[in-house]
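**Student:**
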Amino acid sequence: MKDKLNRFKTFDKRLGCWQVSFAVFAVLLIIYLFLIQVVDIKNYRLRAKRQRSSRNFIMRGDIFDRNGIKLASDRIYYDAYAHPADYDHSPEELAKILAPYLKISTATLVGKLSGKDSVITLKKDIDRPTAQAIRKLGLREISLGKKNTRIYPQGSMASHILGYYNFDADIASGVELTAKDQLEHVEKNVQTERTPDGNIIYNFSTDPVATTSPLKGKSLTLTIDTAIQHICEQELYRMVLKRQALRGTVIVMNPKNGEILAYAIYPYYDPNTYRNASQLQIKNWTLTDVFPPGSTFKTITVASAMALGKINPHTKIYDTGKIKVGWWDIKNYDYSQRPFPGWITLEGLFEHSSNVGSVKVAQTMTSQEFYSMLKKFGIGSKTGIDLPGESVGLLPNWTKWDSSTHASMGYGYAASVTPIQMVSAVSALANNGIRVTPHVIKYPQEDEEKKIFTTQVMSAQTARNITKLLTESINNSKAPIKLENYNIAAKTGTSKKPKENSAGYSNMLYTSIVGYLPASDPQVLIYVLVDSAAGGEVWGSTIAAPIFKEIASQTARILNLKPDKK
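Residue 637 in our numbering sits at position 533 of the sequence shown, with consecutive numbering throughout.
1) Rounded C-beta distance between K420 and I448? I'm assuming under 8 Å.
2) Please list, in chain order, all residues of the same chain as Y181 whose beta carbon is under 7 Å from its beta carbon, the five residues on each side excluded.
3) Tell me whether L384 counts as near the ligand HEM, meaning its Cβ is closer than 8 Å to at least one heavy atom of that ligand.
4) Pop quiz: L326 and I630 are said to be a contact at Cβ under 8 Å. What is the actual Cβ separation, rounded to whole angstroms?
5) By Cβ distance below 8 Å, which residues in the same chain neighbour L198 in space, the five residues on each side in sequence not counted?
6) Going by DSSP, name the residue or residues bridged to V354.
7) My guess is that Y590 and P667 are in contact by the Cβ rule of under 8 Å, so how many angstroms apart are they, rounded?
8) On the DSSP letters alone, give me the boundaries of the beta strand (DSSP E) that S531 sits inside.
9) Please report the Cβ distance between P443 and S458, rounded to the nearest whole angstrom; I am assuming they are in contact, meaning their Cβ atoms lie under 8 Å.
10) For M410, report the span of its alpha helix (DSSP H) as first-last.
11) Pop quiz: G619 and A594 are said to be a contact at Cβ under 8 Å. What is the actual Cβ separation, rounded to whole angstroms?
12) At the level of alpha carbons, what is the spacing between S624 and P359?
13) Please state the DSSP three-state secondary structure of E363.
14) Rounded to the nearest angstrom, what separates Y367 and T558 at their Cα positions?
15) Which stretch, first to last residue, makes up the beta strand (DSSP E) that contains I421?
16) I'd like to check one pair, T659 with L365: are the Cβ atoms closer than 9 Å?
17) DSSP three-state call for G120: helix, strand or coil?
18) Given that a residue counts as buried once 16 or more other Cβ atoms are within 10 Å of its Cβ, and exposed if not, what is L132?
19) So, with DSSP's three-state summary, where would you put A637?
20) What is the rounded straight-line gap between the Cα of P548 and the Cα of L324?
21) Would you tell me roughly how many angstroms separate the C-alpha atoms of D183 and L137, rounded to the nearest one?
22) Return the chain-ordered list of same chain residues with a C-beta closer than 8 Å to the C-beta of Q333, the five sequence neighbours on each side being excluded.
23) Out of curiosity, what's the CA-to-CA distance linking G88 and S512?
24) Which one of H456, K227, V223, E363 has the shortest CA to CA distance from S399?
25) Give me the Cα-Cα distance between L453 and K387, rounded to the nearest whole angstrom.
26) If we ignore side chains and look at the alpha-carbon of each, how far apart do E654 and D272 end up?
27) Would you kindly check if the distance between the Cβ of P542 and the Cβ of T353 is under 9 Å?
28) So, H383 versus Y372, is the Cβ gap smaller than 9 Å?
29) Counting only the same chain and skipping the five closest in sequence on each side, list residues whose C-beta sits under 7 Å from that of L573.
30) Select from V406, S599, E588, G639 the residue whose C-alpha is nearest the C-alpha of K669.
31) Given this structure, state the Cα-to-Cα distance separating L340 from D635, to the nearest angstrom.
32) Around the C-beta of K402, are 16 or more other C-beta atoms found within 10 angstroms, so that it is buried, or is it exposed?
33) Do T598 and L621 come within 9 Å of each other at the CB atom, strictly closer than that value?
34) Roughly how many angstroms separate the alpha carbons of Y609 and K600, rounded to a whole number?
35) When the cut-off is 9 Å and only beta carbons count, does Y269 lie next to chain D?
36) When we look at the beta-carbon of N611 and count the other beta-carbons within 10 Å, is it buried (16 or more) or exposed?
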């Protein structure tokens, strides 16, 4: 009996302990649930709100040329989806209802609507009126997804400058990439809560105006002039087709402020259908690929020597027609016709494009001096243009120059440049010795000092001296670029094209010309480069110069430039 009482007492103690434990557990559970559900220590409400939250639909800003002509904008399209789990109608009934709106045959729609996927794509890229008509049908099993599509009203015009934008992959090129932040910037992006099917959950803090107003990024204005751009593309394309060239470019820039008025590139593509374009078409090779500039580089050689005080405008050079430097014989291009020109002026050096004269001018400078001047001109450095993918070019350090490198540099062969580098370098001659960052985006005044920089390359007097020599070399010659009302300072160039997979040069040529007008007060700088032209004589004067002349004439008319020829 006593043992039995002891067992009851032990059981009572254990039961009491269990009861206390359960009571403590219940109290702790209640406290925990209170903290979770009321105090929300785990931030579940915030997490749920985030899951329901979404940003309003944002449209990218428009892109305009300098005169307000629209070059790029957003268009809204819709994708139609079916949700089999919510079917209130049979596939056959839905097909009959939707066929007239989707412009798809009933049989095809039945096949799609009978699919086993949880979400079925019926049609993509539906316009807004059609989407609104489908919404009015009140079909619970059909949803419409809203999306942006970038359109380019001018087609392929300035395609490499504008670039393209892929909304699905968030991939861009051209100014669509470099100006992405501005094009997508909105002053106030309101977060809204939505149901699983996309409907807005309204509460006391929801702003009905903000949730229904479409958000749009800032618009962007380019420095490009559509009229000049059209002429450049037209003239370039005409010559490329006529001479079966591989590629070409024309760049027109205001040398005083660095604004690019036109930037034509061949081969081109239509950014509206960029998916159909090849990488060769999409690539902006004028920023990435380098080439030996040839005789256009002689302007930089002579300007460098004059800036250093090695020569002056009245200096004469003894041109022997051929000169041996190291192991190389360097000849003038017309050596067979003019084997011994004798004493020549700097004007004559430019007019007859003397290789020997340029080598001798280069030799008046030490390698270090010449290299330092080339760096001031921006050779071997990025120009800072507001387009993606720019190359630095190729300029070996002066410590690696031998006598042949130094000599070849004088007439445009030891260095390799991009077209935009040549534009930037020569612009210093047209702008009183100051080189300005080339750019295609028109910046507000408060942003200019952050984006656009100047470099004093030489004195204003030296720049004017070179301009005068170039102008006289054109006026006193049979140059095909002469205009009736304007003096032009310019230099043509022809250079051998390096082989792609081995040392040496191919039998193809780069033909180019760079110049500016009016020479007395330069407002426009034009650079033309054509790669691998064929048929007939291939020189800068026969391929690039005719393009230059037509563009110079038309640009002067469009900009109403003041004539400087009497």
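C-beta atoms are modelled at their ideal positions from N, C-alpha and C, and glycine is treated no differently.
**Tutor:** According to the data block:
1) Contact holds; Cβ gap of about 6 Å.
2) D229, I230, D231, K251, T253, listed in sequence order.
3) Of the ligands one can find in the structure shown there are none, so the ligand HEM has no counterpart to examine.
4) Contact doesn't hold; Cβ gap of about 18 Å is too wide.
5) The beta carbon of L198 sits closer than 8 Å to those of A186, Y191, L213, L217, L243, E245, I246, all from its chain and outside the five residues before and after it, given in chain order.
6) For V354, which the question treats as bridged, DSSP gives the partners A368, V632.
7) At roughly 6 Å, the Cβ-Cβ gap stays under 8 Å, so Y590 and P667 are in contact.
8) That residue, S531, is in no beta strand (DSSP E); its alpha helix (DSSP H) goes 523–534.
9) Contact flag wrong, Cβ pair sits at about 13 Å.
10) Judged by DSSP secondary structure, M410 falls within the alpha helix (DSSP H) whose first and last residues are 402–411.
11) About 3 Å separates the two Cβ atoms, so the contact holds.
12) Roughly 13 Å between the two C-alpha positions.
13) Of the three classes helix, strand and coil, the one that applies to E363 here is strand, per DSSP.
14) Taking the straight line from one Cα to the other gives about 21 Å.
15) Judged by DSSP secondary structure, I421 falls within the beta strand (DSSP E) whose first and last residues are 420–423.
16) For L365 and T659, yes; Cβs fall inside 9 Å.
17) Three-state DSSP puts G120 in a helix.
18) Exposed, since its Cβ has fewer than 16 Cβ neighbours within 10 Å.
19) Secondary structure at A637: coil, using DSSP grouped into helix, strand and coil.
20) Rounded to whole angstroms, P548 to L324 spans 11 Å at the Cα level.
21) Looking at the two C-alpha atoms, the distance is approximately 44 Å.
22) The residues are D169, M261, A262, L365, A366, Y367, A368.
23) The question about residue 88 has no answer, for the chain in this structure spans 105 to 670.
24) Taking only the C-alpha atoms, the option nearest S399 is H456.
25) Between L453 and K387, the C-alpha separation is close to 37 Å.
26) About 42 Å.
27) It is not a contact, given that the beta carbons lie outside the stated cut-off.
28) According to the sequence shown, residue 383 is Gln rather than His. Not a contact, by the Cβ cut-off of 9 Å.
29) The answer, listed in chain order, is P417, L450, E451, F454.
30) Each of V406, S599, E588, G639 was checked against the Cα of K669, and the nearest Cα belongs to E588.
31) Roughly 11 Å between the two C-alpha positions.
32) Its Cβ being crowded by 16 or more others within 10 Å, K402 is buried.
33) No, the Cβ-Cβ distance between L621 and T598 is not below 9 Å.
34) Roughly 6 Å separates the two Cα atoms.
35) The chain labelled as chain D is not found in the depicted structure, where only one protein chain is given.
36) N611 comes out exposed.
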